[in-house]
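Chains as they are written, first to last, in the working numbering: chain A, 151 to 393; chain B, 151 to 393.
This report concerns only the one structure given below.
Number of protein chains: 2
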Amino acid sequence: LIRQEDTIVFALIERAQWARNVGVYTPGAVPLPPPPPGSPPPSLLEWLLRGTEAVHGAVRRYTSPDEAAFFPASLPDAVLPPLDYATSPLAACGDAVDLNREILDAYVSDIVPRIAAAGDDGNLGSAAVADVACLQALSKRVHYGKFVAEAKYRADAGAYRADAAARDAAAILARLTDAAVEDAVVARVRAKAAAFGADVGGSGDGPGRKVDPDAVAAVYREWVLPLTKEVQVRYLLARPGCD
Amino acid sequence: LIRQEDTIVFALIERAQWARNVGVYTPGAVPLPPPPPGSPPPSLLEWLLRGTEAVHGAVRRYTSPDEAAFFPASLPDAVLPPLDYATSPLAACGDAVDLNREILDAYVSDIVPRIAAAGDDGNLGSAAVADVACLQALSKRVHYGKFVAEAKYRADAGAYRADAAARDAAAILARLTDAAVEDAVVARVRAKAAAFGADVGGSGDGPGRKVDPDAVAAVYREWVLPLTKEVQVRYLLARPGCD
């Protein structure tokens, strides 16, 4: 999980070199190859994400228990036997938990405006490619919450079973929230954004740092950590069904 | 060019988290969807690079003068009008210079073994996705040499015309080599690899730095800079034909 932070910070820094470019997210704003008959026109981001997932899916990326596609319906038929992930520790009851819709919405509506400069710099394609990398990294991190939740369940199955039987999501959320740990994560992410976003060896007349460390910290505080906890809550509500 | 260094260093660090995984580069080592009839089986890297370029090409990435596909023959037919790059400063005579074959060979044979740990960790798909990002960043940086060469040509056209008329590649190479500048670039890249590869906020019991700064510096010294100069030499040999 800590190494995944570096990947996410790198991806956000790469996205932050381009302006917000709202046309990337607006269906119809960019001419695209015609969608299938009956489909609404996608945004450039949706088109690129779907296409990238189709390529990665053909080599079985999404048969891994720690990968979730944003557009599973668009994945190609499996022409290859699935890889053997017999060692996956996840219980089937919770494995279907999927917050990619929420991640995509938060990314477009909140995260991009937070880290990218306002306006349009014309680099829509570059921004969209960077978006795909961000979304894949964020999705992987958030859905890792399922592995964390399974470990917590095994450590205290009785308590989580009682919460789930009462459909008490708030109790589960309280049980797995540790404010001190979250503060430490946010502080570490801020330090990473400062270190990796620094203008190393720069001439001093450039734009300086590549991303605002407070913005990256806010992305973690306001979206990554809450979404990760939401994955855990949903997993733990479903998990006793597999006992 | 300096911002592109950061992108390349990030991409190399991301690749360095996985082992060398030679199966990524070995045709037939990984089961893949069947190639078109008559085509040899590709490596996983070739398959993924070709598929990614097909998706990016459909939204016209490779109509940009600063982008070159590794598999241009596999790009989809243009279903969209090309974007307007009327402001491209490149001369048509040199625009066709393409070192992607050399970049791909150097990457697989020299760069990956230099930055990745020996052996196989099973993460072939993750390694191949990271490879695609590295190759796209390296290709963009190396082919930027065409823009640098055009500027040099405009500043001293007479000298380059004489060199080109004599087919004197060595003279052109000598004219555009500045050892002090190259030393400064390599030193800056080493500093970036150290800063961005640091284990920020780590517990101290982890693996420490994410990449060897000397390895990244060597990638620049031995491959990126020579390949960039080779692009410039080839461009400048062809360039007077457009006068």
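Positions of the beta carbon are idealized from the N, C-alpha and C atoms, including for glycine.
In whole angstroms, what separates the C-alpha of A/L240 from that of A/K296?
7 Å
Just to confirm, are B/V383 and B/L288 a CB contact at a threshold of 8 Å?
no
How many whole angstroms separate the CB atoms of A/V205 and A/V292, which I take to be in contact at a CB cut-off of 8 Å?
The Cβ separation is near 22 Å, so there is no contact.
Consult DSSP for B/Y370 and reduce its assignment to one of helix, strand or coil.
helix
Can you list, in chain order, the residues of its chain with a C-beta nearer than 6 Å to that of B/G178? Leave out the 5 residues immediately preceding and following it.
P191
Are the CB atoms of B/D313 and B/R304 within a distance shorter than 8 Å?
Not closer than 8 Å, so no.
Nearest-angstrom Cα distance between A/A208 and B/Q154?
30 Å
For the pair the stretch 266-282 of chain B and the stretch 163-177 of chain B, tell me if three or more CB-CB distances fall below 8 Å.
Flag = yes, the stretch 266-282 of chain B and the stretch 163-177 of chain B touch.
If we ignore side chains and look at the alpha-carbon of each, how far apart do B/L352 and A/R165 end up?
First, the amino acid is wrong: residue 352 of chain B is Gly here, not Leu. Spanning the two alpha carbons is a distance of roughly 25 Å.
What does the Cβ neighbour count give for B/T157, buried or exposed, with the cut at 16 atoms within 10 Å?
buried
Short Cβ contact (8 Å threshold) for B/R359 with B/D349
yes
Distance CB(A/I253)-CB(A/L162) smaller than 8 Å
Going by C-beta atoms, A/I253 is not nearer than 8 Å to A/L162.
For B/D156 and chain A, any beta-carbon pair shorter than 8 Å?
yes
Runs of alpha helix (DSSP H) lying entirely within the stretch 154-241 of chain A, each at least 4 residues, in chain order:
The stretch 154-241 of chain A contains these whole alpha helix (DSSP H) runs: 194-208.
Taking only three categories from DSSP, how would you classify B/Y294?
coil
Proximity to B/L285 [Cα-Cα], best of B/A299, B/P181, B/L323 and B/A219
It is B/A219 whose Cα lies nearest to the Cα of B/L285.
Out of B/Y294, B/A345 and B/A329, which one is the CA nearest neighbour of B/R371?
B/A329
Close beta carbons around A/Y212, own chain, < 8 Å, minus the five adjacent residues each side
E203, H206, A218, A219, P222 and L225
Give me the Cβ distance between A/L182 and A/A278, rounded to the nearest whole Å; I'm assuming they're in contact under 8 Å.
Incorrect: roughly 11 Å between the Cβ atoms, too far for contact.
Can you name the residues of chain A whose CB is closer than 7 Å to the CB of B/F346?
F346
Is the beta carbon of A/A343 less than 8 Å from the beta carbon of A/A368?
no
Buried/exposed call for A/V335, threshold 16 Cβ in 10 Å:
buried
Over what stretch of residues does the alpha helix (DSSP H) that includes B/D255 continue unbroken?
N250 to A256
At a Cβ threshold of 8 Å, is A/W197 touching chain B?
yes
Just the Cα atoms here: how many angstroms apart are A/L386 and A/Y294?
Roughly 13 Å between the two C-alpha positions.
Can you tell which of A/A299, A/T176, A/D245 and A/V262 has the C-alpha that lies nearest to the C-alpha of A/A283?
If we check each option's Cα against that of A/A283, A/V262 comes out closest.
Give every residue of the same chain whose Cβ lies closer than 8 Å to the Cβ of A/G244, excluding the five residues on either side of it in the sequence, and list them in chain order.
In the same chain as A/G244, and ignoring 5 residues on each side of it, the C-beta atoms closer than 8 Å to its own belong to K296, A299, E300, R384, Y385, L386, A388, R389 and C392, in chain order.
Which two residues bound the contiguous alpha helix (DSSP H) that contains B/R264?
From DSSP, the alpha helix (DSSP H) with B/R264 extends over V262 to I265.
Which of helix, strand or coil DSSP assigns to A/A324:
helix
Between the CA atoms of A/G308 and B/F160 - distance to the nearest angstrom:
44 Å
Mapping the DSSP letters down to three states, classify B/L151 as helix, strand or coil.
coil
Cβ closer than 8 Å: which chain A residues qualify as neighbours of B/V336?
Ordered by position in chain A, no residue passes the 8 Å Cβ test against B/V336, which lies about 11 Å from the chain.
Would you say A/V247 reaches chain B, if we count a Cβ-Cβ gap shorter than 8 Å as a contact?
no
Quick one: Cα of B/A256 to Cα of B/A280, how far?
16 Å
For B/K360, which three-state DSSP category applies?
coil
Which bits of chain B does A/R211 rub up against, with CB to CB less than 7 Å?
Within chain B, the residues near A/R211 are G275.
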